[in-house]
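Take the sequence shown: its position 62, counting from 1, is numbered 67 in our numbering, and each next residue is one higher.
Some notes on the structure that comes next.
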Amino acid sequence: MRLLRALSLSVLIPSLSGAQILGRDSEVFTRTEAVARGEWFRFYGVIGDVTVTEGTGTQVEFRAEKILRNGRVTDIAFELGRRGEGVTICAIFEDDDECSDTGLRSERRRNWSRNFRPPSLAVTIRVPAGVRLAVQSGNGDVSVTGAHAELVARS
6 MRLLRALSLS VLIPSLSGAQ ILGRDSEVFT RTEAVARGEW FRFYGVIGDV TVTEGTGTQV
66 EFRAEKILRN GRVTDIAFEL GRRGEGVTIC AIFEDDDECS DTGLRSERRR NWSRNFRPPS
126 LAVTIRVPAG VRLAVQSGNG DVSVTGAHAE LVARS
């Protein structure tokens, strides 16, 4: 019965196929991904500001700078996954954080003291016309200009 329930849940909540964890050791993470007109580009982060502007061609240009404050460069990594309908990038703290097309989920509570200021991100994304966009920052501003397709933005 448990196996059947687990299999049922895995069908309902698909993980990112071929997902990679990148950028753990870099203070600035950049990525260029081909995303066709009508496909999705999704970015989900926990903390930091996200600025989206119109790009050109068929490439999404993604740049995230880690603002360390009291943190370390290795505190944040990026999980990148490509599915049939587009590309998803999540900013993760733990390698087992769950990144999906619908968002980011973490079961862990970080042991940060009141005086500790965790690292955050300054993210810029250039999106070509016709690419659908979903962007979320759990604690930060989200600014979108020049997007000419379906848009979901949350902060």
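Every residue gets a Cβ at the ideal spot worked out from N, C-alpha and C, and that includes glycine.
Because the structure is a prediction, the values reported are computed rather than measured.
When Val51, Glu70, Pro124 are compared, the shortest CA-CA separation from Arg159 is found for Val51.
In the three-state reduction of the DSSP assignment, Val78 falls in the helix class, which pools H, G and I. Between the region 138-146 and the region 37-52 there are three or more inter-stretch CB-CB distances shorter than 8 Å, so the stretches are counted as touching. The secondary-structure analysis by DSSP pairs Ala139 across a beta bridge with Arg47, Val157. Cβ-Cβ distances below 6 Å link Ile130 to Val57, Phe67 in the same chain, with the five nearest sequence neighbours on each side left out; the list follows chain order. Secondary structure of Ser125 (DSSP, three-state): strand.
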